[in-house]
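First comes the structure, then the notes that go with it.
Protein chains: 2
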Amino acid sequence: MNTQNITITLSETKKEKPQSDQLEFGQVFTDHMFMMDYTEELGWHDPRIVPYQPITLDPASMIFHYGQSVFEGLKAYLTEDERILLFRPEKNFQRLNKSNDRLCIPEIDEELALTALKQLIETDREWIPTAEGTSLYIRPFVISTEPYLGVAPSGSYKFIMILSPVGSYYKEGIHPVKIAVETQFVRAVNGGTGTAKTGGNYASSLKAQEVSGKMGYSQVLWLDGVEKKYIEEVGSMNVFFKINGEIITPALNGSILQGVTRTSIIELLKYWNIPVTERRISMEEVRQAHKNGTLEEAFGTGTAAVISPIGEFFWQDEKLLINEGKTGELSKKLYDTLTGIQRGKLEDPLDWVVEVTKASSLSTVR
Amino acid sequence: MNTQNITITLSETKKEKPQSDQLEFGQVFTDHMFMMDYTEELGWHDPRIVPYQPITLDPASMIFHYGQSVFEGLKAYLTEDERILLFRPEKNFQRLNKSNDRLCIPEIDEELALTALKQLIETDREWIPTAEGTSLYIRPFVISTEPYLGVAPSGSYKFIMILSPVGSYYKEGIHPVKIAVETQFVRAVNGGTGTAKTGGNYASSLKAQEVSGKMGYSQVLWLDGVEKKYIEEVGSMNVFFKINGEIITPALNGSILQGVTRTSIIELLKYWNIPVTERRISMEEVRQAHKNGTLEEAFGTGTAAVISPIGEFFWQDEKLLINEGKTGELSKKLYDTLTGIQRGKLEDPLDWVVEVTKASSLSTVR
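Chains as they are written, first to last, in the numbering used here: chain A, 1 to 366; chain B, 1001 to 1366.
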């Protein structure tokens, strides 16, 4: 794949940009998008940046029926000296291809995808918000487009990237969230699609979220689908516990999504020489730790929220209050460090950030 | 909901119809489609029959990201005396709403949906094929359309019905299929979405199908996601066994789809006073029955294939040949009876077929 061939068609009109301090999550989109098509004859072809526009598909297109799709989520930041930074974007495109493999979607050239993303961001750089807590959210996704009702991998696809200036995922900001432990519904099971970032995992989570939302909990903690004992994820984030000084996160067991933030937290803790363990952890262990006073902190990790401290778990009619419902010291330190690195305010000792420069996004404007 | 308000806009051009004896499955669509929209303000509104046309959606529409969608599948048949018959369509719309509930999609008026379907079929009645084994396949589906990247139920939806003249689902016709027992991948688990007809279940099944396809098996037999011992479904069908005279099908355990054909087979067997048991059945039990010569028949049931005899299971490096790889007597009798009733060739003792008449599809043509 020749990455020089990305064409750019600029939008003739520019949309009005929202106030940087009034942004919500994922509701406003920029002036341009990236698009590339796949057919069996041509493979992935025609990579192009075009004005943000609707997609027109036959009603029999497979995406509408059999959910063959994958997506990613990452962010771009504008530093005070106007440099554009991405956070470990290569990890997202690697995972996109892992998801593609699980969903029988043809592999995408990761280098081309990253180059295209840089060009797209450069094209819409005026859209990157600068207010505290804001960023440019990036949504790469692949949809199956063949108009055919047989249950089989699609013969055609679209790979698209759209950009959205966003505020904090949680309106409360870094304040702790209350989480209900889900005992009825299951997110994923070994042998299923839990390790892939695909629509079906999120569709299946809506019901649990709706039920817990009515009880006043903003997210659910997922337990394993086999014994309903062991902790998997929280909402659409990975989860960490600090128990008696030990940092614990569920091991990648075949049904948990390997979050880029999760990986980065583990690497950062190791860099700080703070012990971190990836292992199986049961909800009963968390309750016992709460009971004997050793449950010091709990937090979720994900691109959208970065670090989301957990102030309370609700499980089996019992409320487990954590750190008096306040943000823990470690959660705060991780949040400050990670967002500091992401925004270019702190040193980047593990070489995570990637700068978007004009040189890194050569293209043909037509 | 006033069912009188379905408007019809007729297509100005008519597509060429395929030869009735050269039909494949789900590749050709008729001249019209039904569409209805949902918004939080108006609820489900604007039910309409329009020319078959592409759907135009914002790239941020939830269906492209979080898979919030459901679908159904049923068939219409043209009898020799030119009556149009549907097979238990109310069951499909009941299940559509069960799926809607699991996926947090607002309920659809089942009576309106059925009236709309009748009108749509009446409008495209020339498309119903007549050759042996052919029918008009009907695909109702709901997609989430709100352009928003937060993980939450969509605020807007489209309910669409499209029609496709089809041949037999399996090119081999009623000939037995070879099935690989899936030991790595899992279709669904209790607490997941296995009982709902939603895209994610089908997306997750593609990989297993691809792997078994390379081994020469046309479908997989799914085992339970917890112990990987008990039989759930076969491909996108329910499954039945005849062991030592007893007809057995896996009980509805919270992860199996309740097929309309499955229900009808059970009711038909009971009507015939043939004992049928819904219970847990392990693959080991099937192997033992094969070993001692009591595994008489096995077959899948579903709308697309109706009855699909199973000639061989492959499990743990062992091939279990059933009935010498030939279609069993009961499988054949069930296939002949069910398709006979569906096509109006046989008496309908259990009152299953619903006739589409002009009177049953009153409408406003504009």
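Don't be surprised by glycine CBs; every beta carbon is placed ideally from N, CA and C.
All figures in this text were calculated on a predicted structure; none of them were measured in a lab.
Minimum C-alpha distance to F240/A - residue among Y271/A, P349/A and R279/A:
R279/A
Would W942/B pass as a contact of R1187/B if the rule is Cβ separation under 8 Å?
Because residue 942/B is not part of the residues shown, which for chain B are 1001 to 1366, the question remains open.
Identify whether Y217/A lies in helix, strand or coil by the three-state DSSP scheme.
coil
Through-space distance from L96/A to E370/A, alpha-carbon basis:
Residue 370/A lies beyond the stretch modelled for chain A, which goes from 1 to 366, so this question has no answer here.
So with CB distances below 9 Å, who are the chain B contacts of L57/A?
P1054, I1055, T1056 and L1057
Check whether the Cβ atoms of P1176/B and T1339/B sit closer than 8 Å, and answer yes or no.
no
Mind checking whether S69/A and F1064/B have CB atoms under 8 Å apart?
yes
Distance, Cα to Cα, G1167/B vs K1332/B?
19 Å
Got a sec, what are the start and stop residues for the alpha helix (DSSP H) L1269/B sits in?
V1260 to Y1271
From which residue to which residue does the alpha helix (DSSP H) around A289/A run?
M283 to K291
Using a Cβ-Cβ cut-off of less than 7 Å, give me the residues of the segment 1220-1236 of chain B that come near chain C, in sequence order.
Going by chain labels, chain C is absent from the structure shown, which instead holds the protein chains A and B.
From the DSSP output, which residues share a beta bridge with P250/A?
R279/A
Terminal residues of the beta strand (DSSP E) in which E297/A lies:
L295 to G302
Validate contact between the segment 1199-1219 of chain B and the segment 197-211 of chain A using beta carbons, cut 8 Å, 3 pairs
yes
For a cutoff of 8 Å on Cβ pairs, would you count Q258/A as touching chain B?
no
Can you name the start and end residues of the alpha helix (DSSP H) that F64/A belongs to?
I63 to Y66
Would you kindly work out how many angstroms separate the C-alpha atoms of M1/A and A113/A, rounded to a whole number?
Confidence at M1/A is low in this model, with a pLDDT of 46, below 50, so the placement of that residue should be treated as unreliable; the coordinate-derived value is given next. Going from the Cα of M1/A to the Cα of A113/A covers about 11 Å.
Pick from L1320/B, V1356/B and D1046/B: whose alpha carbon is nearest that of Y1157/B?
D1046/B
Bounding residues of the beta strand (DSSP E) (the contiguous stretch that carries N1238/B):
N1238 to I1243
For a contact defined as C-beta to C-beta under 9 Å, what are the partners of G200/A on chain B?
Y1066, G1067, T1193, T1198, G1199, G1200, N1201, Y1202, A1203 and S1204
Establish whether the CB of G1026/B and some CB of chain A are separated by less than 8 Å.
yes
Using the three-state DSSP reduction, which class does P974/B fall into: helix, strand or coil?
Look at the range of chain B in this structure, 1001 to 1366, and you will see that residue 974/B is not part of it.
Contacting positions in the segment 1084-1117 of chain B - beta carbon closer than 7 Å to chain A
R1102, L1103 and C1104
Expressed to the nearest angstrom, what Euclidean distance is found between the alpha-carbon atoms of V1146/B and Y1038/B?
Note that residue 1146/B corresponds to Glu in the displayed sequence, not to Val. The alpha-carbon atoms of E1146/B and Y1038/B are separated by roughly 10 Å.
Nearest to V356/A by CA position, among N5/A, S61/A, G67/A and T79/A, is which residue?
T79/A
C-beta neighbour in chain A for K1207/B, strict 8 Å:
yes
Considering only residues of the same chain and omitting the five flanking positions on each side of Y217/A, which have a CB-CB separation below 7 Å?
K178, I179, A180 and F314
Only counting the same chain, and skipping five residues up and downstream in sequence, which positions put a Cβ closer than 7 Å to that of Q94/A?
E110
Under 8 Å by Cβ, that's how I've got G235/A and V189/A pegged, so tell me the actual separation to the nearest angstrom.
Their Cβ separation, rounded to whole angstroms, is 18 Å, which puts G235/A and V189/A out of contact at 8 Å.
For a contact defined as C-beta to C-beta under 7 Å, what are the partners of F71/A on chain B?
H1065
Quick one: Cα of K345/A to Cα of A116/A, how far?
26 Å
Is there contact here, the segment 1303-1321 of chain B with the segment 1243-1254 of chain B, by at least three beta-carbon pairs under 8 Å?
no
Name, in chain order, the residues that DSSP records as bridge partners for L136/A.
A76/A and P165/A
With 16 other Cβ atoms within 10 Å as the buried cut-off, status of K229/A
exposed
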